[in-house]
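Undergrad: In case it helps, UniProt numbering puts the sequence shown at residues 1 to 477. Right, I'll just put the structure down here and ask away after.
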Amino acid sequence: MGRTVVVLGGGISGLAASYYLSRAPCAPKVVLVEGSERLGGWIRSVRGPDGAVFELGPRGIRPAGALGARTLLLVSELGLDSEVLPVRGDHPAARNRFLYVGGALHALPSGIRGLLRPSPPFSKPLFWAGLRDLTTPRGKDPDETVHSFAQRRLGSEVASLAMDSLCRGVFAGNSRELSVRSCFPSLFQAEQTHRSILLGLLLGAGRGPQLDSALIRQARAERWSQWSLRGGLETLPQALNAHLTSRGVSVLQGQPVCGLSLQAEGRWKVSLGDSSLEADHIISAIPASVLSKLLPAEAAPLARALSTITAVSVAVVNLQYRGARLPVQGFGHLVPSSEDPVILGIVYDSVAFPEQDGSSPGLRLTVMLGGSWLQTLEARGCVLSQELFQQEAEKAAATQLGLNEPPSHCLVHLHKNSIPQYTLGHWQKLESAAQFLAAQKLPLTLAGASYEGVAVNDCIESGRQAAARVLGTEPNS
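As C-alpha cells, this is what we get:
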C-alpha cells in the first residue's frame, strides 16, 4: 500500500504542497485538512454590488526573481494565463510609490537621477546613504534588528522613515524588533557576501537557471512590477482546489485538527474531533503557534520553539468612492510609525487594477490599520468594532488623500494573528526546530508563512519545498 501524506492547512502554502505532491510521478495518497469552511487562508476576494473586486488580503503578486517566475509557471499550469492582469513597468502603479510624512505625500525617488536629487522627506539626496553603505564595514553579529542594520548602513533617516514604513507595510511590525536576517534575507546576505547592500544586490542578481514559459517571458519583456487575476487573487486557490480534486486528493473542509499523536509503528494519528486519520507523513502549513498546541508530549522541545513564533493582527478596510480623484497616481503610500501609529498604509487599488472597478466605476482604496496601536487595544481587551476601524480608515482617506465625501461602499475585516513576526533571533528558532526533527526522525515537515517569508510567492515556495522533501527530491529543484 502507498504512503499517505496529510497536509494541515488549506491556505496557499498547504494548497501548493498538495499540488506538488499530487503531480509527482509516484504520488502518495494526499489528504488536505482545513479547519474552516473555505480554502485560501488570508487570500480572499469579494465582489461589491456593482461587480467591483475587493481584496481582503493580498492584492498583487510580484513576478520578480526565481520565486516570482515559479508562481507564474504555476498560473500557466492551472490554465489561468488569460485571467492575469499585469502592472507593466511603465505604469504609474509600477513607477510611483509614496511616503506620507509631515502631513504630505512624498514620491520615493527612483533611478540614478532620483538618487542624486534632494528628495523630501529625506534631508539629503539618497546618494549619500548609498555612499555610506559602500564605506561601512561588514557587521559582525549573526543577526540584527532591521532598524539597527539600516541605521548602521544607510543612516538614521532611511532607517526611521523608509525601513520603518516598509516593515509596517510588509509585516505590520516594528523595525526595532524584527530581524533583518529573517525579514530581508537578501539585504543580510548582500552585506555578508559583498560587504555592501548595493554591491550585493548588483553582483548577486541573475544567478542560477532561469525558469521559462510564455507568461514568464512576457513579464520580463514588459517589466511587470506585480500582477493580479481578473476575478481577484482568490481565483488562484480556487483553481488549485479544482486541480487537486481532479487528481484524487481528498480535501476536507470544516475539520479542525484536535491533536496529533505518534503510534507504535511511527505513523501519525490525526484527531479531527469525532473521527481521525492515519498518516505516514504530515506537512504542517498551519501557523507555528497553532501547531505547537497540537504536538504530542514527545515533541515538547519542538512545541516550545514553535510557540515563540507569534503573529500580529491587521485590520483591512476596503473603501469605494463615487466620482472621486486621487491627488497622485501610484501604487499607494506607506506611513511611518512616527507619523501615525494607527495607519500602516493605503493602497490605491483602482490605479493598479482598473479592470476590477465594476460596472459603475468608482475609486477603490484599501486602508491597512495595525501596529502598536492595535496591539495595545488587543492587550487591553478593548472592543474592536467595525465602526472603529471604518472611522479611522475614512479619517485617514480624508486627511492623507483629501477624500472628504463618505464612501459609497465599505468593507471592514479584522484578520487576527495573520502576519507572523520574525523577531530578532528567528533563525535560531528555525534551526532548533530543524535539528529536533532531524534528530528524532519525525515524519513532519513545516511549511507556511510562520517560517521563511510571508508573501504569496514565499508561501507557495515553502509548500513546494515541503512536498519535495517528502518525495525525497531535491528541494531546490
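Idealized CB from N, CA, C, for every residue including glycine.
Can you tell me the Cα-Cα spacing of Gln263 and Val30, whole angstroms?
TA: On the sequence shown, residue 263 is found 263 positions in, with the first residue counted as 1. On the sequence shown, residue 30 is found 30 positions in, with the first residue counted as 1. Near 19 Å, if we compare the C-alpha coordinates of Val30 and Gln263.
Undergrad: Restricting to Cα atoms, I'd like to know which of Val257, Gly273, Ile282 and Arg325 is closest to residue 481.
TA: Residue 481 cannot be examined here, being either before or after the span of the chain that is shown, 1 to 477.
Undergrad: Assign Thr445 to buried or exposed, taking buried as 16 or more other Cβ atoms, counted over all protein chains shown, within 10 Å of its Cβ.
TA: Position 445 of the sequence shown, counted from the start, is the residue given in the question as residue 445. Classification for Thr445: buried.
Undergrad: Taking buried to mean at least 16 other C-beta atoms within 10 Å of its own C-beta, is Cys459 buried or exposed?
TA: Along the sequence shown, one-based indexing puts residue 459 at 459. Looking at its Cβ environment, which holds 16 or more other Cβ atoms inside 10 Å, Cys459 is buried.
Undergrad: Opposite Glu55 in the DSSP bridges: which residues?
TA: As a position in the sequence shown, residue 55 is number 55, starting the count at 1. DSSP output for Glu55 lists Ser45 as bridge partner(s).
Undergrad: Check Leu39 in the structure and name its three-state DSSP category.
TA: The residue given as residue 39 occupies position 39 in the sequence shown. Note: Leu39 maps to coil in three-state DSSP.
Undergrad: Is Leu326 closer than 8 Å to Val335 when the C-beta atoms are compared?
TA: As a working mapping, residue 335 is identified with position 335 in the sequence shown. As a working mapping, residue 326 is identified with position 326 in the sequence shown. Their beta carbons are not under 8 Å apart, which means Val335 does not touch Leu326 by this criterion.
Undergrad: Closest Cβ-Cβ distance between Arg3 and chain B: below 8 Å?
TA: Protein chains in the displayed structure number just one, and chain B is not present.
Undergrad: Express the C-alpha separation of Asp340 and Thr423 in angstroms, rounding to a whole number.
TA: In the sequence shown, counting from the first residue as 1, residue 423 sits at position 423. In the sequence shown, counting from the first residue as 1, residue 340 sits at position 340. The alpha-carbon atoms of Thr423 and Asp340 are separated by roughly 22 Å.
Undergrad: Going by DSSP, name the residue or residues bridged to Tyr321.
TA: Translated into positions along the sequence shown, residue 321 becomes position 321. For Tyr321, which the question treats as bridged, DSSP gives the partners Leu363.
Undergrad: Sorted by chain position, which residues of the same chain lie with C-beta nearer than 7 Å to Trp128's C-beta, five sequence neighbours on each side aside?
TA: Numbered from 1 along the sequence shown, position 128 holds the residue referred to as residue 128. Closer than 7 Å at Cβ, skipping near neighbours: no residue.
Undergrad: Looking at Val46 and Ala414, is the spacing between their C-beta atoms short of 8 Å?
TA: Working through the sequence shown from its first residue, we reach residue 414 at position 414. Working through the sequence shown from its first residue, we reach residue 46 at position 46. Note that residue 414 is Leu in the sequence shown, not Ala. Taking 8 Å as the Cβ cut-off, Leu414 and Val46 do not qualify as a contacting pair.
Undergrad: If you measure between the beta carbons of Ala288 and Ile309, is that distance less than 8 Å?
TA: As a first step, residue 288 must be located in the sequence shown, where it is residue number 288. As a first step, residue 309 must be located in the sequence shown, where it is residue number 309. Yes, Cβ-Cβ distance for Ala288 and Ile309 is below 8 Å.
Undergrad: Alpha carbon to alpha carbon, how far is Ala398 from Val367? Give it in angstroms, no decimals.
TA: For the purposes of this step, residue 367 is taken as the residue at position 367 of the sequence shown. For the purposes of this step, residue 398 is taken as the residue at position 398 of the sequence shown. Roughly 12 Å between the two C-alpha positions.
Undergrad: Where does Lys429 land, buried or exposed, given buried means 16+ other C-beta within 10 angstroms?
TA: In the sequence shown, the residue the question calls residue 429 occupies position 429. Its Cβ being crowded by 16 or more others within 10 Å, Lys429 is buried.
Undergrad: Closest by CA to Asp349, which one among Ser360, Gly330 and Ser359?
TA: Working through the sequence shown from its first residue, we reach residue 349 at position 349. The shortest Cα separation from Asp349 among Ser360, Gly330 and Ser359 belongs to Gly330.
Undergrad: In whole angstroms, what separates the C-alpha of Phe188 from that of Arg132?
TA: Position 188 of the sequence shown, counting from 1, holds the residue named residue 188. Position 132 of the sequence shown, counting from 1, holds the residue named residue 132. Rounded to the nearest angstrom, the two C-alpha atoms are 16 Å apart.
Undergrad: Restricting to Cα atoms, I'd like to know which of Gly2, Thr135, Leu15 and Thr235 is closest to Glu461.
TA: Sequence index remark: in the sequence shown, residue 461 carries index 461 (1-based). It is Leu15.
Undergrad: Taking 8 Å as the cut-off, does the segment 263 to 280 touch the segment 52 to 62 (at least 3 CB pairs, one atom from each stretch)?
TA: Because the criterion of three Cβ pairs below 8 Å is not met, the segment 52 to 62 and the segment 263 to 280 do not touch.
Undergrad: Thinking C-alpha only, which one of Thr4, Ile12 and Gln238 is nearest Arg464?
TA: Along the sequence shown, one-based indexing puts residue 464 at 464. Among Thr4, Ile12 and Gln238, the Cα nearest to that of Arg464 is on Ile12.
Undergrad: Are Leu365 and Glu392 touching if we call contact CB-CB under 8 Å?
TA: In the sequence shown, counting from the first residue as 1, residue 365 sits at position 365. In the sequence shown, counting from the first residue as 1, residue 392 sits at position 392. No, they are not a contact pair.
Undergrad: Could you round the C-beta distance between Leu215 and Val84 to whole angstroms and report it? I think they count as a contact, below 8 Å.
TA: Locating residue 215 in the sequence shown gives position 215, where the first residue counts as 1. Locating residue 84 in the sequence shown gives position 84, where the first residue counts as 1. Confirmed, about 7 Å.
Undergrad: Since I believe Leu244 is in contact with Ile43 (beta carbons under 8 Å), could you give me their beta-carbon distance rounded to a whole number of angstroms?
TA: One-based indexing of the sequence shown puts residue 43 at position 43. One-based indexing of the sequence shown puts residue 244 at position 244. Not confirmed; about 16 Å, so no contact.
Undergrad: Could you give the distance in angstroms between the alpha-carbon of Pro25 and the alpha-carbon of Gly231?
TA: Counting from one through the sequence shown, the residue named residue 25 turns up at place 25. Counting from one through the sequence shown, the residue named residue 231 turns up at place 231. Pro25 and Gly231: Cα-Cα distance of roughly 32 Å.
Undergrad: In three-state DSSP terms, what is Phe98?
TA: In the sequence shown, the residue the question calls residue 98 occupies position 98. Correct three-state label for Phe98: strand.
Undergrad: Ordered along the chain, which non-local residues of its own chain (more than five positions away) have a Cβ less than 6 Å from that of Val158?
TA: Here residue 158 is taken as the residue at index 158 of the sequence shown, counted from 1. Correct list, in chain order: Ala129 and Ala150.
Undergrad: Based on Cα-Cα distance, which residue from Ala94, Gly381, Leu201 and Arg138 lies nearest to Val347?
TA: Within the sequence shown, the letter at position 347 stands for residue 347. Out of Ala94, Gly381, Leu201 and Arg138, Ala94 has the C-alpha closest to the C-alpha of Val347.
Undergrad: Taking the C-alpha atoms as reference points, what is the distance between Ala466 and Lys416?
TA: For the purposes of this step, residue 466 is identified with residue 466 of the sequence shown, where counting begins at 1. For the purposes of this step, residue 416 is identified with residue 416 of the sequence shown, where counting begins at 1. If I take the Cα positions, the gap works out to 26 Å.
Undergrad: From Leu201 to Gly65, what does the alpha carbon distance come to, in whole angstroms?
TA: Reading the sequence shown from its first residue, position 201 is the one you call residue 201. Reading the sequence shown from its first residue, position 65 is the one you call residue 65. Roughly 12 Å separates the two Cα atoms.
Undergrad: Please classify Asp357: is it buried, with 16 or more other beta-carbons within 10 angstroms of its beta-carbon, or exposed?
TA: Reading the sequence shown from its first residue, position 357 is the one you call residue 357. Result: buried.
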